[in-house]
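Written below as structure tokens is the structure these notes are about.
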Amino acid sequence: MSTAIEVKNVSMRFNLAKEKQESLKEYFMALIKGRLQFDEFYALKDVDLTVEKGDFYGLVGLNGSGKSTLLKVIAGVYKPTTGSCTVTGTIAPLIELGAGFDMDLTARENIYLNGTVLGFTPKYLDEKFDEIVDFSELREFLDVPLKNYSSGMVARIAFAIATCTKPDILIADEILSVGDFLFQQKCEERMRKLLEGGTTVILVSHSIEQVERMCNKVAWINKGEKIMDGPAAEVCAAYRKAQKE
Amino acid sequence: MNAKLHKLKLYLQDFWRYRYLIYHLISRDFKLKYRRSVLGVVWSVLNPLLMSLVMYLVFSSVFAGMRGTGIENFAVFLLIGQLLFTLFREATTNAMASVLQSAPLLRKVYIPKYIFPLEKVCFSLVNCVFSLAALVILMIFTGTPFYWTALLAFYPLLTLFVFSLGAGLFLAMATVFFRDVMHMWEVFCTALMYFSAIFYDPDQMSGFVQKLIRFNPLYWYITAFRRTVLDGEVLTWSMVWVCGGCALVSLFVGLWAFRRHQDKFVLHL
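Residue numbers (this note's numbering), protein chains in the order written: chain A, 13 to 257; chain B, 19 to 287.
Dropping the structure here:
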């Protein structure tokens, strides 16, 4: 099996917001006073991760442990401070649903806008349009501005667009927590189908049951460091045990 | 060398892949700009006409002495200056804020970041092209003759587009790190307006002002445009060089500054 994602010694450093200089005056004042140091904060510390092609990879950890940061590094949103991240293939990112949506536009317009953000051609979107609409079950609301949608409805559309193609890698950050259980089942089914077609899926979820049920491999991250990774059952058991203590 | 060429090719391929995104963003901006307005896109034509009318009235009555006496067709003269300056101001101002505005997107998906300033500058150009209808209407209305040289006006227009793009990229980069730039640019643009020969002809002014104004690239774009449309003459070589040269220098500096810092953007949004 070949490697889909290789994360090597990745560290991600942030300068904490309270010291962020956003106006020239503040900047020079700080410079003059010799206080232009930042409070550094490492969201990721020396993380190694290898995801094989065809894996259904889960990431678990508490809030603020660095899961989302890691996903963003993989998706190319962040450039790691040190280390490297090599990705083979196309990525469909589902990091916070509806990132590319404009709430003032209608669902129909947003499907095209978001589709092109993900790099699809309009012709391809024309072909897939009905499939996307059917999957989201929102045909009657197609020409309503998105701001009048509920968050669950937005999530449906976003998921339908991102998975209308067969990406090499699907990154899913907490997406399943929004929809109702029927839609969640539908999403799981769609992800399984993609997986059978050779797509690699990375899933972040707070529901350890879901991760255990769906993933074959899991990594556990805590405070920016990888605690352990390996087969799902093993890591999940260790994670559960740690939670109880 | 070969590796560099290959890198450039990849870069252009990436760019080509996102052409539809630019198209959709422009159409979004258009829809949102004219949404719920009865006249819609007609405002693109009406707005410069009305603005010029106001300025025309002001400079024909209150400040009549300021514009000198040598300008024959003041209405068209004014509108050309107004149109080109608006293109520059709109393009740079919108491009400047574009990266910040797209923060929600940039934080979640990987997209080449230069798309956003580029889109805003393109949008301003499209708007400007619509506004050219106002120019045609005014020329018919005032009985201004049409010359074939007017076709050459595409040169100052396109070079101004490139010039604005370079400036917009630079400003967008600077704004991410220092929000002050937005406020400074607003003031700067207003000052620049008075030094761009929009409502006066610098040739009729004293030597000092005339010399100073030649350092303003916008003066060259506006004057070159007027020469082809209003005077019916071809561009002079110095116009060709200055317009093209300023555009290239601006684009180069803008791209260089933008590329150098773009990886840090997301940490400052």
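For every residue, glycine included, the Cβ atom is placed at its ideal position computed from N, Cα and C.
### Query
Would you say residue 64 of chain B faces chain A, with C-beta separation under 8 angstroms as the test?
Answer no: the Cβ-Cβ gap between residue 64 of chain B and chain A never drops below 8 angstroms.
### Message
Using a Cβ distance threshold of 8 angstroms, determine whether the region 213 to 222 of chain B contacts the region 93 to 107 of chain B, with at least three qualifying pairs required.
### Response
Yes: at least three Cβ pairs fall under 8 angstroms.
### Message
Less than 8 angstroms between the beta carbons of residue 243 of chain B and residue 171 of chain B, yes or no?
### Response
Yes, they are a contact pair.
#### Entry: Nearest-angstrom beta carbon gap, residue 185 of chain B and residue 110 of chain B [assumed within contact, 8 angstroms]
Between residue 110 of chain B and residue 185 of chain B a beta carbon distance of about 5 angstroms is seen, short of the 8 angstroms cut, so the two are scored as contacting.
### Message
By the three-class DSSP mapping on this structure, what secondary structure does residue 81 of chain B have?
### Response
In the structure shown, residue 81 of chain B sits in coil (DSSP, three-state: anything other than H, G, I, E or B).
#### Entry: Interface residues of chain B facing residue 261 of chain A [CB-CB closer than 7 angstroms]
This structure cannot speak to residue 261 of chain A, because chain A is shown only from 13 to 257.
### Message
Against chain A, does residue 128 of chain B count as a neighbour if the rule is that its beta carbon must be under 8 angstroms from one of theirs?
### Response
Yes, its Cβ sits closer than 8 angstroms to a Cβ of chain A.
### Message
At the 8 angstroms Cβ level, is residue 134 of chain A part of the contact set with chain B, yes or no?
### Response
The C-beta of residue 134 of chain A comes closer than 8 angstroms to at least one C-beta of chain B.
#### Entry: Contact under 8 angstroms by Cβ, residue 126 of chain B with residue 89 of chain A
Remark: C-beta atoms of residue 126 of chain B and residue 89 of chain A approach each other more closely than 8 angstroms.
### Task
Examine chain B for any beta-carbon lying closer than 8 angstroms to the beta-carbon of residue 116 of chain A, and answer yes or no.
Yes, contact with chain B.
### Beta-bridge pairing of residue 72 of chain A - partner residues as DSSP gives them
Paired residue(s): A:232.
### Residue closest to residue 96 of chain B, alpha-carbon to alpha-carbon, out of B:152, B:209 and B:282
Checking every option, the nearest Cα to that of residue 96 of chain B belongs to B:152.
### Member of A:68, A:200, A:123 and A:94 whose CA lies at the smallest distance from the CA of residue 60 of chain A
Taking only the C-alpha atoms, the option nearest residue 60 of chain A is A:94.
### Query
Can the beta-carbon of residue 193 of chain A be found less than 8 angstroms from the beta-carbon of residue 158 of chain A?
No; because the gap between Cβ atoms is not below 8 angstroms, this pair is not in contact.
### Task
Note the first and the last residue of the continuous beta strand (DSSP E) segment covering residue 94 of chain A.
Bounds of the beta strand (DSSP E) holding residue 94 of chain A are 94 to 99.
### Message
In whole angstroms, give me the CA-to-CA distance for residue 105 of chain A and residue 142 of chain B.
### Response
In this structure, the alpha-carbon of residue 105 of chain A lies about 31 angstroms from that of residue 142 of chain B.
### Query
Taking DSSP as the reference, what is the three-state secondary structure of residue 235 of chain B?
Secondary structure of residue 235 of chain B (DSSP, three-state): helix.
### Query
Mapping DSSP to helix, strand and coil, what is residue 122 of chain B?
Residue state, collapsed to three classes: helix.
### Task
Please report the residue range of the alpha helix (DSSP H) in which residue 213 of chain B lies.
For residue 213 of chain B, no alpha helix (DSSP H) run applies, since DSSP gives it neither H nor E.
### residue 158 of chain A at chain B interface by Cβ criterion, 8 angstroms
The C-beta of residue 158 of chain A comes no closer than 8 angstroms to any C-beta of chain B.
#### Entry: Any chain A beta carbon closer than 8 angstroms to residue 284 of chain B
Taking Cβ atoms only, chain A reaches closer than 8 angstroms to residue 284 of chain B, which makes this a yes.
### Query
Within 10 angstroms of its Cβ, does residue 187 of chain B collect 16 or more other Cβ (buried), or is it exposed?
By the neighbour-count rule (16 or more Cβ atoms within 10 Å), residue 187 of chain B is buried.
### Query
Do you know how far the Cα of residue 98 of chain B is from the Cα of residue 176 of chain B?
Spanning the two alpha carbons is a distance of roughly 15 angstroms.
### Query
Below 8 angstroms, can you find three or more Cβ-Cβ pairs linking the region 221 to 237 of chain B to the region 144 to 151 of chain B?
By the Cβ criterion, the region 221 to 237 of chain B is not in contact with the region 144 to 151 of chain B, since fewer than three pairs of Cβ atoms, one from each stretch, lie closer than 8 angstroms.
### Query
Are there three or more Cβ pairs, one per stretch, closer than 8 angstroms when the region 234 to 244 of chain A is compared with the region 201 to 209 of chain A?
Under the 8 angstroms Cβ criterion, the region 234 to 244 of chain A does not count as touching the region 201 to 209 of chain A, having fewer than three qualifying pairs.
### Query
Curious, which full-length alpha helix (DSSP H) runs of at least 4 residues does the region 33 to 85 of chain B contain?
List check, alpha helix (DSSP H) in window: 37 to 52 and 60 to 75.
### Query
Identify the residues that DSSP records as bridge partners of residue 61 of chain A: which are they?
Looking at the DSSP output, residue 61 of chain A bridges to A:19.
### Query
Along the region 50 to 61 of chain B, what residues have a CB closer than 9 angstroms to any CB found in chain A?
Contact residues of the region 50 to 61 of chain B toward chain A are 50 and 53 (C-beta to C-beta distance below 9 angstroms).
### Message
Residues of the region 85 to 115 of chain A in Cβ contact with chain B at a cutoff of 7 angstroms, in chain order, please.
### Response
Listed in sequence order: 87, 88, 89, 90, 91, 105, 107, 108, 111, 112 and 114.
### Task
Compute the distance between the beta-carbons of residue 199 of chain B and residue 189 of chain B, then report whether it is under 8 angstroms.
Yes, the Cβ-Cβ distance between residue 199 of chain B and residue 189 of chain B is below 8 angstroms.
### Query
Any idea if residue 229 of chain A is buried or exposed, counting beta-carbon neighbours within 10 angstroms, 16 or more meaning buried?
Result: buried.
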